[in-house]
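Mapping to my numbering: the sequence shown position 223 is 1642, numbers consecutive.
Beta carbons: idealized from backbone N, C-alpha and C, even for Gly.
The block underneath contains the structure these notes are about, expressed in structure tokens.
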Amino acid sequence: MEAFDYDLFVIGAGSGGVRACRIAASLGARVAVAEERYFGGTCVNVGCVPKKLFSYAAHYFDDFEDSKGFGWEFDNLRFDWSVLKANKDSEINRLNGIYKSMLDSNQVDIFEARARISGPNEIQVDGKTLSAKHILVAVGGWPWIPEFPGSELTVSSNDVFAMDQLPAEIAVMGGGYIAVEFASIFSRLGCKTSLIYRGDQLLRGFDKDIRSFITTEIGTHVDLYLEEDIQEIVKQNNKLEVSFKSGSKLSCEMVLAATGRTPLTDDLGLETVAVQLADNGAIKVDANFQTAQPSIYAVGDVIDRIALTPVALAEGQIVARALFSNDQKAMDYQNIATAVFCHPNIGTVGLAEHEALEAGLEIDVYESVFRPLKHTLSGRDEKSMIKMIVDRQSDRVVGLHIVAADAGEIVQGLSVAINCGATKADFDRTIGIHPTLAEELVTMRTKRVDV
Ligand code: NDP
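Here is the structure:
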């Protein structure tokens, strides 16, 4: 039998890679990981975690404002970005340490260097040539910015986490997750915020009614430039002059391009093996995350299926268990709940209306738009929305979409019920908790008549 240095060599210590290392090592495999940048990957360093910390900071602004209707009075409210940034940095450093010590305590060999594949079972790292029975590529993705005159003047979502100062005016380009989240965050932290999107409604791919509702809600605190494409950006004095193809213009201090992310497959040595790439650079894998080179696997953002941390974690775990135990559980991409941390939050699980119709289902749609109890006193002009999509034949709830404070928390719980096949009748016979926003979910009576 051929003797390899390792049973599994993982490239990339982000969510998917670290989970695979940990599970494989706990199953007795000899594991190594190479990480050239930071432990914890995008999620911990320039993604979910610091973004959520910024989102909490942004929500305080709403809370302070809302408290006045409840009798609170205060003067001299001010926000200090440097405090938030320093505290965020120290928390991320702490998490980096936890990720590293998790690998150490599982006896995973760590190479803090770039690794390149040089053969089906061979890796070059830190001046060494190492062999592994299996290689797992979990290198993630990187912000992608389209090229146009002045595009080099934009910053990416990676950069905003390292900013020393908050700009007074920012324009965010894009209408996806990152764009709407940062637009909400910056507007609450005191920046005059604009959002430039080439479509007519934000968040392509989401349910149409949710898109329309959130576009209106975000338009209450952000200047929306919809159906606009940037032609060029020119720097004049300390300002950026943004010209649109339509002929309109916008002046601001900073432009954040949140225009998508691309798999990080360059310079990995993949040309030395049979691994195949899709047109966008994503590694092609089968249902078991195996590439066209049987010894090499890939998970997470680099395979560009669903770019979410919990998905990468599940994929990494499935690969490790399949390789080092008899667990051949397949990944189930149905009913993966997700949240967008804009204001108000969006939580969604299951099918959007268009997806249910495309799947040939006959559906009933229940919708409710209402003013949350809190805002009767706060005076905030913010509404909430719930949309439930029910398969008429089976009565199963196949889609649930909520726009409301903490919608992600509500939808996470309900995604369990939906994964268990909960029917509309199950929701209806459930007694609500009063007064909560979530009780609306068990009292939805009004069917939309146009479906
Ligand atoms: P998205 O793919 O969600 O959005 C990219 C946006 O950029 C779209 O609105 C797209 O427009 C626009 N765009 C793309 N190309 C151009 C162009 N040439 N000119 C103008 N606009 C353009 O990517 P994000 O970067 O926002 O997020 C990446 C992924 O990260 C998400 O898909 C998600 O999986 C994950 N993520 C998850 C979060 C969460 O769970 N809360 C938070 C942040 C990220 P169009 O719609 O017209 O194509």
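Rounded C-alpha distance that separates residue i from residue j
i, j, result
"Leu1860", "Gly1595", "27 Å"
"Leu1856", "Asp1847", "15 Å"
"Glu1646", "Gly1666", "12 Å"
"Asn1707", "Val1738", "7 Å"
"Gly1494", "Leu1608", "Rather than Gly, the amino acid found at residue 1494 in this sequence is Asp. Cα to Cα, Asp1494 sits roughly 17 Å from Leu1608."
"Ala1824", "Tyr1518", "30 Å"
"Asp1583", "Ile1589", "15 Å"
"Ala1844", "Arg1864", "11 Å"
"Thr1612", "Asp1424", "53 Å"
"Asn1506", "Ala1731", "27 Å"
"Val1870", "Thr1842", "19 Å"
"Val1830", "Cys1761", "15 Å"
"Ser1834", "Gln1655", "50 Å"
"Ala1701", "Asp1626", "26 Å"
"Cys1671", "Pro1682", "30 Å"
"Gly1798", "Asp1485", "7 Å"
"Arg1497", "Gly1827", "28 Å"
"Tyr1457", "Ala1432", "8 Å"
"Gly1624", "Thr1678", "15 Å"
"Ser1744", "Gln1736", "11 Å"
"Pro1763", "Thr1634", "11 Å"
Cβ distance (whole Å) where residue i is taken to contact residue j below 8 Å
i, j, result
"Asn1525", "Arg1441", "5 Å"
"Gly1818", "Ile1808", "4 Å"
"Phe1663", "Asp1686", "The Cβ separation is near 35 Å, so there is no contact."
"Val1591", "Leu1614", "5 Å"
"Leu1651", "Phe1567", "It is worth fixing the name first, because residue 1651 is Glu in this sequence and not Leu. Yes, Glu1651 and Phe1567 are in contact; Cβ-Cβ is about 6 Å, under 8 Å."
"Arg1790", "Lys1802", "6 Å"
"Ile1430", "Ala1534", "5 Å"
"Thr1573", "Ala1676", "4 Å"
"Val1784", "Glu1772", "6 Å"
Contact test: residue i Cβ vs the ligand NDP heavy atom, cutoff 7 Å
i, result
"Asp1619", "no"
"Val1809", "no"
"Thr1678", "yes"
"Asp1648", "yes"
"Leu1727", "yes"
"Ile1408", "Given a span of 1420 to 1870 for the chain in the structure shown, any question on residue 1408 remains unanswerable."
"Ala1758", "yes"
"Gly1433", "no"
"Met1750", "no"
"Met1592", "yes"
"Arg1623", "yes"
"Glu1377", "Only positions 1420 to 1870 of the chain appear in the structure, and residue 1377 is not among them; the question remains open."
"Tyr1644", "no"
"Pro1682", "no"
"Tyr1616", "yes"
"Pro1565", "yes"
"Asn1600", "Note on identity: in this sequence residue 1600 is Glu, with Asn being the wrong assignment. Yes - the ligand NDP has a heavy atom lying nearer than 7 Å to the Cβ of Glu1600."
Residues that residue i bridges to, as DSSP identifies them
i, result
"Arg1680", "Pro1562"
"Ser1606", "In the DSSP output, where bridge partners are listed per residue, Ser1606 has none listed."
"Glu1660", "Val1653, Ser1670"
"Ser1613", "Ala1590, Asp1642"
Quiz prompt | Entirely enclosed beta strand (DSSP E) segments - the segment 1515-1573, minimum 3 residues | solution = 1528-1530, 1534-1538, 1541-1544, 1547-1556, 1560-1562
Where in the segment 1434-1509 do unbroken runs of the beta strand (DSSP E), each at least 3 residues long, occur, reported from the N-terminal end onward? 1450-1453
- What runs of the beta strand (DSSP E), each 3 residues or longer, lie entirely inside the segment 1772-1837? 1782-1789, 1803-1810, 1816-1822
query: Residue ranges of each beta strand (DSSP E) run of no fewer than 3 residues wholly in the segment 1701-1736, ordered along the chain?
result: 1715-1717
Please give me, in chain order, every unbroken run of the alpha helix (DSSP H) with length at least 4 that falls completely inside the segment 1576-1606. 1576-1579
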